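Residue numbers (this note's numbering), protein chains in the order written: chain V, 1 to 465; chain H, 1 to 301; chain L, 1 to 306. Ideal Cβ placement from N, Cα and C applies to all residues, glycine included. Owing to the predicted nature of the structure, the values given are computational and were not obtained by experimental measurement. Report on the structure given below.
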Amino acid sequence: MKIMKKASLHKLIAGAAVMTMAGTAITLGGGAMTAGAASKVTISVAYAANTTFDTTPLGTTWWGQVKKEFEAKYPNVTVKLVAVQGGEPDFLTKLALLYHTASTAPTLAQFPSTEIALYASTDYLMPMNKYLATTSWFKEYPKVIQNEGLIKGNIYAVSSGENNVGLYYDKAILTKAGIKLPWQPKNWQDIITAAQAIKKAEPKVIPLWLNAGTAAGPNGAGYGILNMLAGSSTPTIQTSSGKMVVSSPGILQALNFYHTVFADGLGAPTSQLFSPNNAPNIPSTDFFKGTLGIAVSANFIGGNWTKQVSFPYWAQASTAMGVAGLPTASGKGYASTLSGWDYGISSGASAAQATAAENFMNIAQQSTNLIDAGNWAGWVPPVQTDWTVPLYTNFAAPFNEEFGKLLPYSTELPSSSNYNVWVQGMEQVSGTIAQTPSTTGAQAMATLKQYVTNQLGPSEVTTLP
Amino acid sequence: MTTHMDTNPGNPPELETSADGSPVLPPENRPTQSTALRSLTTNTVLGGIGLLFVAPMLWLLLASVDSHASWGIEWPHFSLINFKHVLTGSLLHSLFNSVILAVISTAIASIAGVFAAYSFSRRKIPFKGPLLLFILFSSGVPLTIMVIPVYEIFARFGFLSLFPTAVFLSVTSLPFEVYLMKNFIDAVPIDFEEAARMEQASTLQILRRVIVPLAMPGIAAAAIFGFVNAWGSFIVPLILISSNSQQPAPIALYTFLTLPKVEFGNIAAYSLVFCIPVFVLYAASARLFREGFVLGGGVKG
Amino acid sequence: MTAILSDAAAAPHVGDLWKTRHDKTRFQWSSVALLTPAFGLLAVLFLIPMGYAVYLGLTNLTLVGPTAIKWGYTGTQNLVRMKSDTEFWTSLWTTGFFIAGSIVGVVVIGYGLASLLMRARPWMRIIVGGIVVIAWMMPAVTAGMTWYASTTGGGTFGTLTGLHSTNFLDNAPLLIVTLANIWSMTGFCMLVMGAALRNIPSEAIEAAVVENASPWQRFRLIVLPLMRPTIIAVVLLVALLSLANFSLIYIMTQGGPGTATNILPLYSYEQAFTFNNLAYGALIGNVMVIIASIFGVLYVRIAARS
Chain V
1 MKIMKKASLH KLIAGAAVMT MAGTAITLGG GAMTAGAASK VTISVAYAAN
51 TTFDTTPLGT TWWGQVKKEF EAKYPNVTVK LVAVQGGEPD FLTKLALLYH
101 TASTAPTLAQ FPSTEIALYA STDYLMPMNK YLATTSWFKE YPKVIQNEGL
151 IKGNIYAVSS GENNVGLYYD KAILTKAGIK LPWQPKNWQD IITAAQAIKK
201 AEPKVIPLWL NAGTAAGPNG AGYGILNMLA GSSTPTIQTS SGKMVVSSPG
251 ILQALNFYHT VFADGLGAPT SQLFSPNNAP NIPSTDFFKG TLGIAVSANF
301 IGGNWTKQVS FPYWAQASTA MGVAGLPTAS GKGYASTLSG WDYGISSGAS
351 AAQATAAENF MNIAQQSTNL IDAGNWAGWV PPVQTDWTVP LYTNFAAPFN
401 EEFGKLLPYS TELPSSSNYN VWVQGMEQVS GTIAQTPSTT GAQAMATLKQ
451 YVTNQLGPSE VTTLP
Chain H
1 MTTHMDTNPG NPPELETSAD GSPVLPPENR PTQSTALRSL TTNTVLGGIG
51 LLFVAPMLWL LLASVDSHAS WGIEWPHFSL INFKHVLTGS LLHSLFNSVI
101 LAVISTAIAS IAGVFAAYSF SRRKIPFKGP LLLFILFSSG VPLTIMVIPV
151 YEIFARFGFL SLFPTAVFLS VTSLPFEVYL MKNFIDAVPI DFEEAARMEQ
201 ASTLQILRRV IVPLAMPGIA AAAIFGFVNA WGSFIVPLIL ISSNSQQPAP
251 IALYTFLTLP KVEFGNIAAY SLVFCIPVFV LYAASARLFR EGFVLGGGVK
301 G
Chain L
1 MTAILSDAAA APHVGDLWKT RHDKTRFQWS SVALLTPAFG LLAVLFLIPM
51 GYAVYLGLTN LTLVGPTAIK WGYTGTQNLV RMKSDTEFWT SLWTTGFFIA
101 GSIVGVVVIG YGLASLLMRA RPWMRIIVGG IVVIAWMMPA VTAGMTWYAS
151 TTGGGTFGTL TGLHSTNFLD NAPLLIVTLA NIWSMTGFCM LVMGAALRNI
201 PSEAIEAAVV ENASPWQRFR LIVLPLMRPT IIAVVLLVAL LSLANFSLIY
251 IMTQGGPGTA TNILPLYSYE QAFTFNNLAY GALIGNVMVI IASIFGVLYV
301 RIAARS
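Structure (structure tokens):
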């Protein structure tokens, strides 16, 4: 009996010892080693395996390419690539969990720009001002992209690529509907008129693709309704004091636009819009099949039709499709949201690790790699001069070039934990309109107001007159 | 999680069965015209329900052997390529992780469970009633609420990996296992133990030589329950395992759904492969019982 | 496993919960040693987290943001928030519907199958019984995937009903996930009820037949009372398992569309990991424990009366 007691106790102790050793091993393996030029440094690099690059293999290829180049140049540094699986909401959850523990926090991570303020406010990120001043490429960023990671004087994250939004249209379908090409609508009414004409001429075709619903994660709204908001009379989402705008003429305009589109049967079916299989990418398949007329979509759609991405491969895309800027409601200029994927260095990194991470970024941001990333992940490269480089423009001609031209008209999306809730609310009400088109803009906005106020509290929200 | 379980006081009288297993009815109750009609209705209704139940499974079977699968059920282009795809690389590794997770969890829970169940069954324990109630209660607590505090604790100690997760999973099936095993041990006659004790056997030897062999059906059933519990666990590894290479199969399966390009055939094949150990184990557990996996009242064993 | 439950169901006594063996009257210290592994594990990985969950529910801990590092006790702040949180009350209602629907479906269909299968041909018993049991055996993840495939646009349901492009899942999400839940639990209920039905003495049925009792009377006066403990036990189990259901619904709808299928476990996950409010998510979890306890207490009360 005593033997047995010892046996079970031993088992527990042994188990605990193994667990502690395993935990320590993980810590030591992925964490800091004392700095010494000759000693080995290990850094971990976390990225989204399935949702950053257009296809998972392309992502693996790109990161492998950069890692190889880096390790050749810096042989005393080991790079551990952490490819986080899952859709975008799952990636964000996982990354937050990784950052939460010091031992698993990635030295370098790539995440959506909308998360920057969140991570910065939790002290997860290290300011990079000094480092960026030494690089040659940061100066070439347009000011709005430079400021993407700027919070209270510190730059916590730097862009590796940007997404902006515009209009895609199928030339053949628009011609059949009697619309003159090249098509450039002047205001929102023009878009609706064109969609109605398409519906009349081609009843089997979806006239207008507008992202709606929560399935695509926080970026879904960025490729959808937030562009209408950006082009409305009051585009403000978050005031300078950090309050979320839950009621404004601009929000009403955007929601009313959605209501008009879906109530007239001009929108896409919810089975496509709510698909968990990366709904924002569906237009590229629909256009290829000839079942979609116009889409409000992000720049990566163009890249989907290339051979490398093949989602699906459409050799005639460049002649069959046209690109137009998304007009504002009133007709003055274009509007689009701007959001990117940025690098951030963990605040818990040692000096040696931070230097290694910076060197890694230098290689990743070097022109060829940067443009490759842009092509394969569907980004506009943040370096202005790259927008006219043949490697970029020839990849998905003419789409890449067109979206490069539209980039200066884009406005950056906010980044805060309040924003996450607000955008969830926005996506929910846009989804409600798509599913129940009789919902008016005013009703949707009332729901948005109630939802966000309920979640954040009245002191965090405001309305604009 | 289940009811007050009592020992079996003896089988109640049953209808005699004929050779094919159907009950032999006394002459007054032999089928007549109306009972024949009722039998037809019964079998039709059952057939209908059966079809309804099998409908969702059709996709699983058809798409897994279809090289051009989609969400719909269609006559497949027969091919085993989907199975080839999923039984390689990281997907196979995820299955392997699942095995490790489930085996460790089962081992811990079963061993701890047998000790505890024996103790509850044979020994005088102070506060036995409240303790057993506590065990009953803890098996009913929804797992999802435990994940957040356990995550916080594990994060603090750096336990966000496979082995600690397995230990936690063992705790989640422990209460039900103890309960199940206790009832089987209750049913073991005390005489064998008394005989062993007269021969100066230690408790450990009694457990090994007497209790475990005799209560084996119950212990095996409990172990199988624990295994299946850990095998199918989704939210626990989702939150508690931070490393990509240690993710078990359910997470890999879920990831399929979120990829831009949906690999329908692979999803079906992987789901099917994932189910197989569960089916095998339940079939094995059916053999362990003399009462058998009673399919609604007729088939034995 | 099922035999045990059936026998227990046939002869219920709440007092047997702590049935003691009369051969052992002295307390032995070795008993403590025997209990140590199980209770040690339970104490560390169950009691402590549960206590921590209760505490966390009253703090402002978040996953990311300033209060991820500097967080502390905030008293009743979260409780006040919960009271005015319409999402929470909606989720509560959705959970209620889900549990109630599951109970009704499982018990009715399970009993129906059990009693019909008793009278069916052997091969029918094996096939239909087998299918239903296989549905029960399937891990939740696979069941969720299968039902997603079947009810999405162009899936099995569409093909079978001819409504090819209808997305059943998005049009009636709560109904579909409830059906999926019933599908995955009926097998177990069928087995348990089948075993309990077998235990009903045939003399009682025969006596009723002799007295010209109608089938409905036979059911109401003989079968139902004898089955009562089994039914109550099954209801409790279905209620608890449905309350805790996460994977099945998460795989199928992730709580959506909107919040249509956001039962408590999913809402708790959403608050904790999508909105980063770990503390509020923990509080919702605590509410779930309270609900589970209420079920448990109700069960003990009702079962004791028989």
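Cβ-based burial, V/Ala394 [other Cβ within 10 Å; buried from 16]: First, the amino acid is wrong: residue 394 of chain V is Asn here, not Ala. Exposed, because fewer than 16 other Cβ atoms sit within 10 Å of the Cβ of V/Asn394.
Inter-residue Cα distance where the pair is L/Ile249 and H/Lys182: 34 angstroms
Proximal residues of chain V, C-beta to C-beta of H/Asn244 below 7 angstroms: Val82, Ala83, Val84 and Gln85
V/Asp170 - DSSP class collapsed to helix/strand/coil: In this structure, DSSP gives V/Asp170 an extended state, which the three-state scheme calls strand.
Beta carbon of H/Asn244 nearer than 9 angstroms to that of V/Gln65: No, the pair does not count as a contact, with Cβ atoms beyond the cut-off.
Min CB distance H/Glu307 to chain L below 9 angstroms: In this structure chain H extends from 1 to 301, so residue 307 of chain H is not present and cannot be described.
Euclidean distance between Cα positions of H/Ser173 and H/Ser110: 9 angstroms
Inter-stretch contact at 8 angstroms, needing at least 3 Cβ pairs: the region 402-417 of chain V / the region 261-268 of chain L: no
Run of the alpha helix (DSSP H) containing V/Ile179, from where it starts to where it stops: V/Ile179 -> no alpha helix (DSSP H), and no H or E assigned at all.
Listed by chain order, chain V residues near H/Thr144 by CB distance under 8 angstroms: Near H/Thr144 there are no residues of chain V at all, since even the closest Cβ is about 14 angstroms away, more than 8 angstroms.
V/Glu162 - partner residues in DSSP beta bridges: Residue pairing by DSSP places V/Glu162 opposite V/Gly340 and V/Val380 in a beta bridge.
Short CB-CB distance (under 9 angstroms) between H/Tyr270 and chain V: no
Min CB distance L/Asn286 to chain H below 9 angstroms: yes
Delimiting residues of the alpha helix (DSSP H) encompassing L/Gly130: Residues Pro122 to Met137.
Closest by C-alpha distance to L/Ile251, when choosing among H/Ile241, H/Leu95 and H/Ser271: H/Ser271
For H/Gln205, the three-state DSSP class (helix, strand or coil): helix
Proximity test, Cβ basis, 9 angstroms: V/Thr56 and chain H: Yes, its Cβ sits closer than 9 angstroms to a Cβ of chain H.
DSSP three-state assignment for V/Glu402, whether helix, strand or coil: helix
Proximal residues, the region 90-103 of chain V versus chain H, C-beta separation under 7 angstroms: Asp90, Leu97, Leu98, His100, Thr101 and Ser103
Spatially closest choice to H/Gln246 from H/Phe53, H/Thr42 and H/Asn97, by CA coordinates: H/Asn97
CB contact below 9 angstroms: L/Met50 versus chain H: yes
Beta-carbon proximity list for L/Ala239, same chain, < 7 angstroms, skipping 5 on both sides: Ile99, Ile103 and Phe295
V/Gln163 and V/Gly378 closer than 9 angstroms at C-beta: Before going on, a small fix: residue 163 of chain V reads as Asn here, not Gln. Result yes, Cβ atoms of V/Asn163 and V/Gly378 sit closer than 9 angstroms.
L/Gln217, enclosing beta strand (DSSP E) - first and last residue: L/Gln217 -> not in any beta strand (DSSP E); alpha helix (DSSP H) instead, spanning Pro215 to Arg218.
Within chain L, partners of H/Trp231 - CB distance below 8 angstroms: Pro139
For V/Thr93 and H/Phe168, the rounded distance between their alpha carbons: In a straight line, the C-alpha of H/Phe168 is about 21 angstroms away from that of V/Thr93.
Neighbour flag for V/Leu28 against chain L, beta carbons, 9 angstroms: Confidence at V/Leu28 is low in this model, with a pLDDT of 37, below 50, so the placement of that residue should be treated as unreliable; the coordinate-derived value is given next. Output row for V/Leu28: interface = no.
Same chain only: Cβ atoms within 6 angstroms of H/Arg287, ignoring 5 sequence neighbours per side: For H/Arg287, where only same-chain residues beyond five positions count, there are no Cβ hits under 6 angstroms.
Interface residues of chain V facing L/Ala68 [CB-CB closer than 8 angstroms]: His100 and Thr122
Option in V/Met321, V/His259, V/Asn281 and V/Val246 with minimal Cα separation from V/Ala298: V/Asn281
H/Ile84 at chain L interface by Cβ criterion, 9 angstroms: In the sequence as displayed, the identity of residue 84 of chain H is Lys instead of Ile. Chain L, which has no Cβ nearer than 9 angstroms to the Cβ of H/Lys84, makes this no.
Complete runs of the alpha helix (DSSP H) confined to the region 158-237 of chain L [at least 4 residues]: Complete alpha helix (DSSP H) runs here, min 4: 168-171, 173-198, 202-210 and 215-218.
Chain H contact residues for V/Asn50, given Cβ-Cβ distances below 9 angstroms: Thr255, Thr258, Leu259 and Pro260
Chain V within 9 angstroms of H/Ala109, Cβ atoms only: no
From V/Phe262, V/Pro458, V/Asn454 and V/Leu464, residue whose alpha carbon lies closest to that of L/Thr86: Nearest option by C-alpha distance: V/Asn454.
Cross-strand partners of V/Lys80 (DSSP beta bridge): According to DSSP, which records beta bridges pairwise, V/Lys80 is partnered with V/Ser44.
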